[in-house]
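Q:
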Amino acid sequence: MTQTFESSTEDAGTPAYTMVDARNLHKNYPGQRQPALEDFSLTIPEGQIFGLIGANGAGKTSVLKILATLNKPEKGDAYVAGYSVRRNPQEVRRIIGYMPDNYGLYQDMQVEEYLDFFAACYGIRGKKRHRLINELLELVDLGDRRKEELRNLSRGQKQRLCLAHTLVHDPKLLLLDEPSSGLDPRARIEMRELLRELSHMGKTIILSSHVLSEIQLMCDALGIMARGQLISYGPAETVVNQIEALPRRAVKLRVLSQEDLKRAADLANAFSGLLKGSLRLDEINLTLDAVLDGDDRTSASFLTHLTISGVFVAQYGQSTARLEELFLRN
Ligand code: ATP
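First residue of the sequence shown? That's 493 in our numbering, and the numbers climb one at a time after it.
1. Can residue 702 be considered in contact with ligand 1, in the sense that its beta carbon sits closer than 6 angstroms to one or more heavy atoms?
2. When the Cα of residue 546 is compared with those of 788, 563, 703, which residue comes out closest?
3. Should residue 548 be counted as a contact of ligand 1 given a C-beta to heavy atom distance under 6 angstroms?
4. Between residue 551 and residue 720, is the Cβ-Cβ spacing less than 7 angstroms?
5. Helix, strand or coil: how does DSSP classify residue 730 here?
6. Can you tell which of 779, 514, 633, 557 has its C-alpha closest to the C-alpha of residue 685?
7. For my contact list, residue 656 and residue 748 are in at a C-beta cut-off of 8 angstroms; report their separation, rounded to the angstrom.
8. Mapping the DSSP letters down to three states, classify residue 735 as helix, strand or coil.
9. Thinking C-beta only, is residue 573 closer than 7 angstroms to residue 842?
10. Going by other Cβ atoms of all chains shown within 10 Å of its Cβ, with 16 needed for buried, is residue 810 buried or exposed?
11. According to DSSP, is residue 754 helix, strand or coil?
12. Between the alpha carbons of residue 804 and residue 785, how many angstroms are there, rounded?
13. Measuring straight from C-alpha to C-alpha, what distance separates residue 693 and residue 540?
14. Which first and last residues belong to the alpha helix (DSSP H) in which residue 789 is found?
15. To the nearest angstrom, how far is it from the Cα of residue 743 to the Cα of residue 637?
16. Do you know how far the Cα of residue 676 is from the Cα of residue 698?
17. Can you have a look at residue 606 and say buried or exposed, based on whether 16 or more other CB atoms are within 10 angstroms of its CB?
18. Spell out the partners DSSP gives residue 657 in its beta bridges.
19. Check for me: the beta strand (DSSP E) holding residue 773 runs from which residue to which?
20. Would you check whether ligand 1 has a heavy atom nearer than 6 angstroms to the C-beta of residue 724?
21. In chain order, what residues of the same chain lie with their CB nearer than 8 angstroms to the CB of residue 457, ignoring the 5 residues before and after it?
22. Here's the rule I'm using: 16 or more other beta-carbon atoms within 10 Å means buried, otherwise exposed. How should residue 523 be labelled?
23. Contact between the segment 515-534 and the segment 664-673 is defined here as three or more beta-carbon pairs at a separation below 8 angstroms; is this criterion met?
24. Would you kindly report the start and end of the unbroken beta strand (DSSP E) that includes residue 515?
25. Just the Cα atoms here: how many angstroms apart are residue 746 and residue 801?
26. Are the beta-carbon atoms belonging to residue 667 and residue 590 less than 7 angstroms from one another?
27. Quick one: does the C-beta of residue 552 sit closer than 6 angstroms to a heavy atom of ligand 1?
28. Can you list, in chain order, the residues of its chain whose CB lies under 7 angstroms from that of residue 505, leaving out five sequence neighbours each side?
29. Measuring alpha carbon to alpha carbon, tell me which residue in 681, 561, 596, 525 is nearest residue 581.
30. My understanding is that residue 753 touches residue 773, with C-beta atoms under 8 angstroms, so please give their C-beta distance in whole angstroms.
31. Identify every run of the alpha helix (DSSP H) within the segment 673-731, keeping only runs that are complete inside it and at least 4 residues long; order them along the chain.
32. Going by the DSSP bridge assignment, what does residue 535 pair with across the sheet?
33. From what residue to what residue does the alpha helix (DSSP H) around residue 554 run?
34. For residue 532, tell me which candidate among 555, 812, 782 has the shortest Cα-Cα distance.
35. Assuming residue 740 contacts residue 812 (C-beta within less than 8 angstroms), just tell me the rounded distance between them.
This is how it looks when you write it as structure tokens:
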């Protein structure tokens, strides 16, 4: 059973107006048994930094792509600054800047050339273009790398350059898919500061991640996604506290033989508290990892089952499950 908690918008801030209003979105990709999005609704006020959190496959990219008008929902609609993604996609595109999770960069272009190219695509000319590029380079702190080829940039610098690219047409809403993935702690702080600055400039920002610790300090509000649904949202601090209070235990055990490992796996599969899809076996190191839907008592009960059944347990450890392990697809 997946535990959910109450949605809450309490203290989320008093919006000037609603920037994003997604209503009952449904998305089913061809050939997939489960829908990527199921009755997904979300409201985000202007000026907020909103983080979508969820395990791999939860549906975060699907939401962002619909808001970016790259995918159409089969049911429901989403409004960006009042424009429908279904009926007014051109208007929506003027308002949004989308940064996908894996972007292709022209490696042999220079930083300045890269931004110049996209500014030209948007029809920005002459002195205005020159000024804009200088401003963007200053904003993302790449002024001293302007002549550098993109292949020579660090991951954090590439992310900041891509962010500058999404800002070329001065969008009101930024949709950033996993902007902090793969960044080291320092680069993450730089990204956080940059997003804060953009927020102060009046931008609304939605970003996604499957690692809570990566983005919890970047966001004003968070939404947790699991199996295509939003199962909780509210002020970042409230949501983080709710996650930390969830009774889930990650257990890890090491046994003495392959035979013990097989028996331990059979017992885990039969154990009522096992979170579906969370069982991992390592036949070389003879270890088993699993997430149990319960507290210390559940974990202790699993260990008792193992020993009563004659499995030789060499090591047994349990800890609070991490976010990535909490909302696995069933
Ligand atoms: P990740 O963190 O791994 O990027 P996510 O939360 O962004 O995951 P989505 O990419 O939205 O999740 O995927 C949701 C579900 O839809 C997954 O089961 C995925 O396999 C499926 N899916 C996404 N895109 C497609 C596609 N183009 N064709 C078929 N199935 C897809």
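We put the beta carbon where it would ideally sit given N, CA and C, even for glycine.
A: Working from what's here:
1. Reading the sequence shown from its first residue, position 210 is the one you call residue 702. The answer is yes for residue 702.
2. Start at 1 with the first residue of the sequence shown, and residue 546 comes out as number 54. Answer by Cα proximity: 703.
3. The residue you call residue 548 lines up with position 56 of the sequence shown. At least one heavy atom of ligand 1 lies closer than 6 angstroms to the C-beta of residue 548.
4. Position 59 of the sequence shown, counted from the first residue, corresponds to residue 551. Position 228 of the sequence shown, counted from the first residue, corresponds to residue 720. In this structure, residue 720 lies closer than 7 angstroms to residue 551 by Cβ.
5. Walking along the sequence shown from the start, residue 730 turns up at place 238. Three-state DSSP puts residue 730 in a helix.
6. Along the sequence shown, read from residue 1 onward, the residue named residue 685 stands at position 193. Of the candidates 779, 514, 633, 557, the one whose C-alpha sits nearest the C-alpha of residue 685 is 633.
7. Here residue 656 refers to the residue found at position 164 when the sequence shown is read from its first residue. Here residue 748 refers to the residue found at position 256 when the sequence shown is read from its first residue. Contact between residue 656 and residue 748 fails: their C-beta atoms lie close to 56 angstroms from each other, not under 8 angstroms.
8. Along the sequence shown, one-based indexing puts residue 735 at 243. Residue state, collapsed to three classes: helix.
9. The displayed coordinates of the chain run from 493 to 822. Any statement about residue 842 would go beyond what the structure contains.
10. Sequence index remark: in the sequence shown, residue 810 carries index 318 (1-based). Using a 10 angstroms sphere on the CB of residue 810, the tally of other CB atoms reaches 16 or more, which defines it as buried.
11. Along the sequence shown, read from residue 1 onward, the residue named residue 754 stands at position 262. It is helical.
12. On the sequence shown, position 312 is the one that residue 804 refers to. On the sequence shown, position 293 is the one that residue 785 refers to. Annotation: residue 804 to residue 785 spans about 24 angstroms, alpha carbon to alpha carbon.
13. One-based indexing of the sequence shown puts residue 693 at position 201. One-based indexing of the sequence shown puts residue 540 at position 48. Cα-Cα distance, rounded: 11 angstroms.
14. In the sequence shown, counting from the first residue as 1, residue 789 sits at position 297. Start and end: 788-800.
15. Within the sequence shown, residue 743 is the residue found at index 251, counting from 1. Within the sequence shown, residue 637 is the residue found at index 145, counting from 1. Our two residues, residue 743 and residue 637, have alpha carbons roughly 47 angstroms apart in a direct line.
16. Sequence index remark: in the sequence shown, residue 698 carries index 206 (1-based). Sequence index remark: in the sequence shown, residue 676 carries index 184 (1-based). About 21 angstroms.
17. Along the sequence shown, one-based indexing puts residue 606 at 114. Of the other Cβ atoms in all chains shown, 16 or more fall within 10 Å of the Cβ of residue 606; this residue is therefore buried.
18. Mapped onto the sequence shown, residue 657 falls at position 165. BP columns for residue 657 are empty, so no partner.
19. As a position in the sequence shown, residue 773 is number 281, starting the count at 1. Segment 772-774, the beta strand (DSSP E) holding residue 773.
20. Against the sequence shown, residue 724 aligns to sequence position 232. Taking 6 angstroms as the cut-off, the C-beta of residue 724 does not count as close to any heavy atom of ligand 1.
21. Missing from the structure shown is residue 457; the chain here goes from 493 to 822 and no further.
22. Looking up residue 523 in the sequence shown gives position 31. Exposed, since its Cβ has fewer than 16 Cβ neighbours within 10 Å.
23. Counting C-beta pairs closer than 8 angstroms gives fewer than three between the segment 515-534 and the segment 664-673, which falls short of the contact rule.
24. Translated into the one-based positions of the sequence shown, residue 515 becomes position 23. Going by DSSP, residue 515 is part of the beta strand (DSSP E) stretching over 510-519.
25. Counted from its first residue, the sequence shown places residue 746 at position 254. Counted from its first residue, the sequence shown places residue 801 at position 309. Cα atoms of residue 746 and residue 801: separation of roughly 15 angstroms, rounded to the nearest angstrom.
26. Here residue 667 refers to the residue found at position 175 when the sequence shown is read from its first residue. Here residue 590 refers to the residue found at position 98 when the sequence shown is read from its first residue. Going by C-beta atoms, residue 667 is nearer than 7 angstroms to residue 590.
27. Reading the sequence shown from its first residue, position 60 is the one you call residue 552. Checking the Cβ of residue 552 against ligand 1 gives yes.
28. As a first step, residue 505 is located in the sequence shown; it is residue number 13 there, counting from the start. With a pLDDT of 45 at residue 505, under the threshold of 50, the predicted position of this residue should be treated as unreliable, though the coordinate-derived value follows. Residues of the same chain with a CB within less than 7 angstroms of the CB of residue 505, apart from the 5 flanking positions on each side, are 537, 540, 712 in chain order.
29. Taking the first residue of the sequence shown as 1, we reach residue 581 at position 89. The shortest C-alpha separation from residue 581 is found at 561.
30. By 1-based counting over the sequence shown, the position of residue 753 is 261. By 1-based counting over the sequence shown, the position of residue 773 is 281. Beta-carbon to beta-carbon, residue 753 and residue 773 are separated by about 6 angstroms, close enough to satisfy the 8 angstroms threshold.
31. Those alpha helix (DSSP H) runs which fall completely within the segment 673-731 and span 4+ residues are 677-692, 704-707.
32. As a working note, residue 535 is residue 43 in the sequence shown. Partner(s): 513.
33. Against the sequence shown, residue 554 aligns to sequence position 62. Counting along the chain, the alpha helix (DSSP H) containing residue 554 begins and ends at 552-559.
34. Taking the sequence shown and counting its residues from 1, the one referred to as residue 532 is at position 40. Of the listed residues, the one whose Cα sits closest to residue 532 is 555.
35. Position 248 of the sequence shown, counted from the start, is the residue given in the question as residue 740. Position 320 of the sequence shown, counted from the start, is the residue given in the question as residue 812. Yes, they are in contact, since the Cβ atoms of residue 740 and residue 812 sit about 7 angstroms apart, within 8 angstroms.
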